[in-house]
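Enquirer: Dropping the structure in here first, questions after.
In the numbering used here, the protein residues as written are 349 to 629.
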């Protein structure tokens with residue numbers, strides 16, 4: 349639970365034109381904790397940092413290398429600590445990649461100005477993870493929560509895993525909020541796969557995992573959470589999942605089975621680099 353206001357070094361923050369309360373203390377230098385200081389200037393109304401990797405208006409995702417833009421990533425991590433109790437990496441950011449979720453405001457007709465941008469969340473991941481974690485930390489800033497935007501970040505993390513040809517998942521253990529978000533994402537992903545399969549098709553946990561890039565243990569967690577496993581086992585010991593129960597679960601919970609992200613909206617830099625190399629030959 350968030351701590352009492354007396355224990356927070358910063359009570360409120362302004363991001364763009366929105367004032368909102370912090371949840372936890374952060375490790376800002378004392379000279380920066382005053383009424384006239386903002387650590388969020390680079391999160392609003394300017395070209396987003398990093399390399400564009402996903403673009404589906406009005407949202408986009410930009411990749412920032414912690415080694416290339418240390419100060420920006422340190423400030424982002426310090427800002428995130430105001431809303432994450434278990435955030436521990438603030439300064440040693442060089443081994444991480446950061447993926448910024450950016451909202452682009454509609455351009456005003458006749459203004460002649462570019463549309464302002466707003467960083468509304470991010471996730472980070474280790475450049476080298478021995479556990480194949482595709483995400484270390486995830487946060488949608490409070491004013492933009494409860495809009496399903498976390499699923500965009502999760503979806504992009506799995507699309508990146510697909511590009512790398514690796515099964516992956518978030519760093520564990522998950523926080524309570526993180527577990528709630530991932531349960532929803534995993535269940536929806538598994539339900540989409542099962543319901544889109546031909547009638548009477550059978551599939552294993554491994555097959556679902558290979559198609560969705562979810563870890564097998566996360567597929568099992570999703571199936572159990574949906575309560576769609578049959579009580580009867582086959583002779584070989586395998587457990588069946590009821591497609592009818594999956595459909596009933598989706599209807600009962602008003603689940604949107606459309607993918608969280610559009611794979612075609614990811615920028616394929618490998619193809620661009622190939623084309624550029626051919627042009628220079």
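Virtual Cβ for every residue (Gly too), placed ideally from N, Cα, C.
What you are looking at is a predicted structure, and each value in this text was computed from that prediction instead of being measured.
Go to residue 466, then tell me how far its beta strand (DSSP E) extends in each direction, as first and last residue.
Expert: For the purposes of this step, residue 466 is identified with residue 118 of the chain shown, where counting begins at 1. Looking at the DSSP string, the run of the beta strand (DSSP E) that includes residue 466 is 465-474.
Enquirer: Thinking just about the alpha-carbon of each residue, which of 464, 538, 589 and 431 is nearest to the one in residue 486?
Expert: Mapped onto the chain shown, residue 486 falls at position 138. Nearest C-alpha to residue 486: 431.
Enquirer: Please list the terminal residues of the continuous alpha helix (DSSP H) segment that includes residue 591.
Expert: Taking the first residue of the chain shown as 1, we reach residue 591 at position 243. From DSSP, the alpha helix (DSSP H) with residue 591 extends over 591-600.
Enquirer: Going along the chain, which residues of its own chain have a beta-carbon closer than 8 Å to the beta-carbon of residue 404, five neighbours each way excluded?
Expert: What you label residue 404 is simply residue 56 of the chain shown in a count that begins at 1. Once the five neighbours on either side are set aside, the close Cβ partners of residue 404 are 609, 610 and 613.
Enquirer: Using a Cβ-Cβ cut-off of 7 Å (strictly less than) and excluding sequence neighbours within five positions of residue 590, which residues of its own chain qualify?
Expert: Within the chain shown, the letter at position 242 stands for residue 590. Once the five neighbours on either side are set aside, the close Cβ partners of residue 590 are 576 and 578.
Enquirer: Comparing alpha-carbon positions, which option in 480, 374, 522 and 543 lies nearest residue 424?
Expert: If you number the chain shown from 1, residue 424 lands on position 76. Of the candidates 480, 374, 522 and 543, the one whose C-alpha sits nearest the C-alpha of residue 424 is 374.
Enquirer: Counting only the same chain and skipping the five closest in sequence on each side, list residues whose C-beta sits under 8 Å from that of residue 497.
Expert: What you label residue 497 is simply residue 149 of the chain shown in a count that begins at 1. Once the five neighbours on either side are set aside, the close Cβ partners of residue 497 are 407, 449, 468, 469 and 488.
Enquirer: Determine the burial state of residue 396: buried for a count of at least 16 other Cβ atoms within 10 Å of its Cβ, exposed for fewer.
Expert: Numbered from 1 along the chain shown, position 48 holds the residue referred to as residue 396. Counting Cβ neighbours within 10 Å, residue 396 comes out buried, since at least 16 surround it.
Enquirer: In the DSSP assignment, what residue or residues form a beta bridge with residue 451?
Expert: Residue 451 sits at position 103 when you count from the first residue of the chain shown. Partner(s): 407 and 466.
Enquirer: Candidates 521, 519 and 574: which alpha carbon is nearest residue 534's?
Expert: As a position in the chain shown, residue 534 is number 186, starting the count at 1. The residue with the shortest Cα to Cα distance from residue 534 is 574.
Enquirer: Assign residue 366 to one of three DSSP states: helix, strand, or coil.
Expert: Walking along the chain shown from the start, residue 366 turns up at place 18. Correct three-state label for residue 366: strand.
Enquirer: Rounded to a whole number of angstroms, what is the C-alpha to C-alpha distance between residue 479 and residue 522?
Expert: For the purposes of this step, residue 479 is identified with residue 131 of the chain shown, where counting begins at 1. For the purposes of this step, residue 522 is identified with residue 174 of the chain shown, where counting begins at 1. Taking the straight line from one Cα to the other gives about 15 Å.
Enquirer: Taking C-beta to C-beta, are residue 474 and residue 443 nearer than 9 Å?
Expert: In the chain shown, the residue the question calls residue 474 occupies position 126. In the chain shown, the residue the question calls residue 443 occupies position 95. The criterion of a C-beta distance shorter than 9 Å is satisfied by residue 474 and residue 443.
Enquirer: Check whether the Cβ atoms of residue 364 and residue 466 sit closer than 9 Å, and answer yes or no.
Expert: Looking up residue 364 in the chain shown gives position 16. Looking up residue 466 in the chain shown gives position 118. In this structure, residue 466 lies closer than 9 Å to residue 364 by Cβ.
Enquirer: So which of 428, 402 and 476 has the shortest CA-CA distance to residue 452?
Expert: As a position in the chain shown, residue 452 is number 104, starting the count at 1. Cα-wise, what sits closest to residue 452 is 402.
Enquirer: Pick out whichever of 618, 616 and 369 has its Cα sitting closest to the Cα of residue 491.
Expert: As a working mapping, residue 491 is identified with position 143 in the chain shown. In this structure, 369 is the residue among 618, 616 and 369 with its C-alpha nearest to the C-alpha of residue 491.
Enquirer: Between the alpha carbons of residue 398 and residue 618, how many angstroms are there, rounded?
Expert: The count along the chain shown starts at 1 and reaches residue 398 at position 50. The count along the chain shown starts at 1 and reaches residue 618 at position 270. The straight-line gap from Cα to Cα measures roughly 17 Å.
Enquirer: At 3 residues or longer, what runs of the beta strand (DSSP E) sit wholly inside the segment 485-535?
Expert: 485-488
Enquirer: Among the candidates 504, 500, 551 and 528, whose CA atom is the shortest distance from the CA of residue 634?
Expert: Residue 634 is absent from the model: the chain starts at 349 and stops at 629.
Enquirer: Where does residue 454 land, buried or exposed, given buried means 16+ other C-beta within 10 angstroms?
Expert: Residue numbering aside, residue 454 sits at position 106 when the chain shown is read from its first letter. Flag for residue 454 reads exposed.
Enquirer: For residue 420, does the three-state DSSP call read helix, strand or coil?
Expert: Numbered from 1 along the chain shown, position 72 holds the residue referred to as residue 420. Residue 420 falls in the helix class under three-state DSSP.
Enquirer: Among the residues of its own chain, which have a CB less than 6 Å from the CB of residue 531, if the five just before and after it don't count?
Expert: For the purposes of this step, residue 531 is taken as the residue at position 183 of the chain shown. Excluding positions up to five away in sequence, the list reads 573.
Enquirer: Would you kindly work out how many angstroms separate the C-alpha atoms of residue 367 and residue 555, rounded to a whole number?
Expert: The residue you call residue 367 lines up with position 19 of the chain shown. The residue you call residue 555 lines up with position 207 of the chain shown. If I take the Cα positions, the gap works out to 47 Å.
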